[in-house]
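Taking it in order: structure first as structure tokens, then the write-up.
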Amino acid sequence: MCAAGPAAGGGRAARRLGRAGAGVAASRALSSASAPKRSRRGKSVAIAYEPEPPGPKWEPENWRQQLERIREMRRARDAPVDEMGVERCYDSSAPPQVMRYQVLLSLMLSSQTKDQVTSAAMLRLRQRGLTVDSILQMDDVTLGQIIYPVGFWRNKVKYIKQTTAILKQKYGGDIPSTVEELVKLPGVGPKMAHLAMNIAWNSVSGIGCWQAFKRAEAGLSLQRRLVEISDSQ
Numbered sequence: 000m001c002a003a004g005p006a007a008g009g010g011r012a013a014r015r016l017g018r019a020g021a022g023v024a025a026s027r028a029l030s031s032a033s034a035p036k037r038s039r040r041g042k043s044v045a046i047a048y049e050p051e052p053p054g055p056k057w058e059p060e061n062w063r064q065q066l067e068r069i070r071e072m073r074r075a076r077d078a079p080v081d082e083m084g085v086e087r088c089y090d091s092s093a094p095p096q097v098m099r100y101q102v103l104l105s106l107m108l109s110s111q112t113k114d115q116v117t118s119a120a121m122l123r124l125r126q127r128g129l130t131v132d133s134i135l136q137m138d139d140v141t142l143g144q145i146i147y148p149v150g151f152w153r154n155k156v157k158y159i160k161q162t163t164a165i166l167k168q169k170y171g172g173d174i175p176s177t178v179e180e181l182v183k184l185p186g187v188g189p190k191m192a193h194l195a196m197n198i199a200w201n202s203v204s205g206i207g208c209w210q211a212f213k214r215a216e217a218g219l220s221l222q223r224r225l226v227e228i229s230d231s232q
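Counting along the sequence shown from 1, when you hit position 173 you're at 172 in numbering that gives the first Met the number 0, and nothing is skipped either side.
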């Protein structure tokens, strides 16, 4: 009888532990079921624009007067670019395909080169009959002598020959009619491509910006608003 007491007590303890364990398991299952599942997706970010502050919109100081002065200064159209720029370098009486090729070549020559030098080089090329075939038949030494002293003339000889060969093989001697295709040509960058679209194809795809425009922009105080926005962020 004495030995049965502890055994009975142990059984009751085991039953209590069993009930307690079942309760803990049930509690865990309940909290697991009630807890919201975590999303593995990243949180979406709302995109919004700050409203313009009340009051008059910002404008560069005296910009209207400056614009009128610029118009007056350019009224005569007597700058070198007006007389010897790319728009004056090609033969306007040539067939359209030849004219477009001459426009592209004048743009390639104009990089890092003064308008007067580009115009003179194009005149020498045209005097020899500037076409895709004439350039392909010309040796590199002769081409270099003709276009010298344009900037980086050695590289331009290589680019002109490579580009002309591509035009002959891929475009039937014409130039591409899209910016995307033009910039794939050796020696042709985005600025040249946009100008070629405008002059050769009469299509405005972008604006070619003079590299010194930043100085003019700063002088006209056009950057003030951009600086204010940058400082506030």
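The beta carbon of each residue, even a glycine, is placed where N, CA and C say it ideally should be.
Predicted model, so just to flag it, every value in this text is computed and none were measured.
Span of the alpha helix (DSSP H), counted from its first residue to its last, around residue i
i      : result
Gln64  : Trp62 to Met72
Thr117 : Asp114 to Gln126
Val182 : Element bounds for Val182: n/a, residue is neither H nor E.
Sequence-distant residues of the same chain with beta carbon closer than 8 Å to residue i, five excluded per side
i      : result
Ala164 : Leu135
Leu29  : Bear in mind that a pLDDT of 49 at Leu29, under 50, signals an unreliable position, so the number given afterwards is only what the model happens to contain. The answer is none, since no qualifying residue turns up.
Lys160 : Ile134, Leu135, Asp139 and Leu142
Where residue i sits in the DSSP three-state scheme
i      : result
Gly171 : coil
Ile165 : helix
Asp138 : coil
Leu103 : helix
Ala75  : coil
Pro189 : helix
Lys56  : coil
Leu29  : Unreliable placement is indicated for Leu29, whose pLDDT of 49 sits below 50; no coordinate value is reported for it.
Glu82  : helix
Pro95  : helix
Gln111 : coil
Asn293 : Residue 293 cannot be examined here, being either before or after the span of the chain that is shown, 0 to 232.
Val131 : helix
Asn201 : coil
Leu194 : helix
Ile206 : coil
The ligand HEM heavy atom lying under 7 Å from the CB of residue i
i     : result
Tyr89 : The model on display carries no ligand, and the ligand HEM is accordingly not part of it.
Nonlocal neighbours in the same chain, by C-beta distance under 6 Å from residue i, ignoring five residues either side
i      : result
Val187 : Leu181
Closest residue to residue i among the options (Cα-Cα distance)
i      : options                           : result
Gly172 : Glu86, Pro94 and Gly54            : Pro94
Asn201 : Arg99, Ala119 and Leu142          : Arg99
Asp85  : Val203, Ser204 and Asn197         : Note that residue 85 is Val in the sequence shown, not Asp. Ranking Val203, Ser204 and Asn197 by Cα distance to Val85 puts Asn197 first.
Ile145 : Ala120, Gln161, Ala75 and Leu129  : Ala120
Val203 : Lys183, Pro185, Thr177 and Leu184 : Thr177
Other residues of its chain near residue i: CB distance less than 7 Å, five sequence neighbours each side excluded
i      : result
Lys167 : Val131 and Leu135
(message) With a threshold of 8 Å, are at least 3 pairs of Cβ atoms found where one atom belongs to the stretch 136-153 and the other to the stretch 96-112?
(response) yes
(message) Assess contact between the stretch 183-203 and the stretch 93-112, defined as three or more Cβ pairs (one per stretch) separated by less than 8 Å. Is contact present?
(response) yes
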